[in-house]
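Residue numbers (the working numbering): 16 to 270. Backbone N, C-alpha and C define an ideal beta-carbon position, used for all residues, glycine too. Input: a single structure, listed below in structure tokens.
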């Protein structure tokens with residue numbers, strides 16, 4: 016299905032009947048990756064999932080966005096359905112959008128329940144070595160960006176970025192690279208205590224992108240939160256331990 020929000024043609028799925036559950040996917044992903052989760056949610060609920068701008072079949076935003084820009088967009092998407100109440104299931108980057116949206120004052124809808132699967136939001140602390148490496152990179156980039164050196168070595172800065180950048184960064188277009196830089200450098204831990212709805216955390220114990228320690232910190236900060244650990248799973252626990260995750264989702268929304 017396609018729905019236009021702020022002139023952006025949003026690709027989305029709307030399946031099932033009953034109470035609405037909105038799925039917000041992770042960075043670099045799209046709704047097709049969550050087909051199993053959507054199927055479970057739509058058995059007894061109305062599951063809505065969208066490709067957020069820049070992912071899947073939804074075009075990129077016109078300029079680099081920050082998390083608040085995605086929040087504004089998702090809120091308009093929700094409001095386009097005339098919803099006054101809904102639950103939310105998020106994975107990874109989707110968690111950033113949820114935390115900032117939940118912290119907004121006078122939301123025009125009520126968030127009844129939340130499921131955070133390997134959610135992002137806690138800013139990792141850099142080691143001394145990482146800080147030195149980042150400082151050296153910034154100095155090197157500044158030096159190689161001078162007119163003379165850029166003329167002599169036009170690809171040097173791009174080569175430095177590719178060597179230092181993550182797979183997500185290197186695969187992204189210039190607009191989405193700038194967006195990624197904006198979204199990953201924001202620490203949302205101070206907003207987590209504001210989540211008042213019943214919350215289920217589902218986490219892979221081998222997750223290296225958002226480690227299990229993040230889940231335990233969120234469980235401590237969110238007043239009504241419980242944690243399900245998927246042993247042997249990484250950042251995509253919903254796919255690696257599908258049976259366990261699907262069972263946890265079904266039980267949470269049936270209770």
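Three-way DSSP call (helix, strand, coil) for residue 29 in this model: Stepping through the chain shown from its first residue, residue 29 is reached at position 14. In this structure, residue 29 counts as strand in the three-state DSSP scheme.
Option nearest residue 139 by Cα separation, candidates 129, 19, 230: Locating residue 139 in the chain shown gives position 124, where the first residue counts as 1. The option with the nearest alpha carbon to residue 139 is 230.
Bridge partners - residue 42, DSSP secondary structure assignment: As a first step, residue 42 is located in the chain shown; it is residue number 27 there, counting from the start. Answer is none; residue 42 lacks a bridge partner.
Classification of residue 209 by the beta-carbon crowding that lies within 10 angstroms, buried from 16 upward: Taking the first residue of the chain shown as 1, we reach residue 209 at position 194. So residue 209 ends up on the exposed side.
Supposed close pair residue 81, residue 198 - CB separation, criterion 8 angstroms: Indexing the chain shown from 1 puts residue 81 at position 66. Indexing the chain shown from 1 puts residue 198 at position 183. The Cβ separation is near 6 angstroms, so the contact holds.
Residue range of the beta strand (DSSP E) that includes residue 106: Along the chain shown, read from residue 1 onward, the residue named residue 106 stands at position 91. Note, residue 106: beta strand (DSSP E), 100-106.
Beta-carbon proximity of residue 195 to residue 113, cut-off 8 angstroms: The residue given as residue 195 occupies position 180 in the chain shown. The residue given as residue 113 occupies position 98 in the chain shown. Not in contact: residue 195 and residue 113 (Cβ atoms no closer than 8 angstroms).
Contact belief for residue 316 with residue 115 at Cβ below 8 angstroms, rounded distance in angstroms: One cannot answer for residue 316 here, as it falls past the ends of the chain, which runs 16 to 270.
Local conformation of residue 137 per DSSP, three classes: Locating residue 137 in the chain shown gives position 122, where the first residue counts as 1. Coil.
Counted within 10 angstroms of its Cβ, other Cβ atoms place residue 239 as buried (16 or more) or exposed: Taking the first residue of the chain shown as position 1, residue 239 is located at position 224. Residue 239 comes out exposed.
Three-state secondary structure assigned by DSSP to residue 14: Given that the chain is displayed from residue 16 to residue 270, the structure contains no residue 14 and the question cannot be resolved.
The stretch 213-224 contacting the stretch 248-256, beta-carbon criterion three pairs below 8 angstroms: yes
Residue 110 versus 243, 249, 233, 245, residue with shortest Cα-Cα distance: Within the chain shown, numbered from 1, the residue matching residue 110 stands at position 95. That would be 233, whose Cα lies nearest to the Cα of residue 110.
Short Cβ contact (8 angstroms threshold) for residue 86 with residue 56: To locate residue 86, count along the chain shown from 1; it is residue 71. To locate residue 56, count along the chain shown from 1; it is residue 41. Taking 8 angstroms as the Cβ cut-off, residue 86 and residue 56 do not qualify as a contacting pair.
Cβ-Cβ distance between residue 93 and residue 212 below 8 angstroms: By one-based count along the chain shown, residue 93 stands at place 78. By one-based count along the chain shown, residue 212 stands at place 197. Contact flag unset, no.
Option in 123, 88, 224 with minimal Cα separation from residue 99: Taking the first residue of the chain shown as position 1, residue 99 is located at position 84. Ranking 123, 88, 224 by Cα distance to residue 99 puts 123 first.
Under the three-state DSSP convention, the category residue 119 falls into: Here residue 119 corresponds to residue number 104 of the chain shown, with the count starting at 1. Correct three-state label for residue 119: coil.
Residue 266 to residue 59 span [Cα, whole Å]: As a working mapping, residue 266 is identified with position 251 in the chain shown. As a working mapping, residue 59 is identified with position 44 in the chain shown. Each residue's alpha carbon lies about 11 angstroms from the other.
In DSSP terms, what residue 61 is bridged to: Residue 61 sits at position 46 when you count from the first residue of the chain shown. BP columns for residue 61 point to 35.
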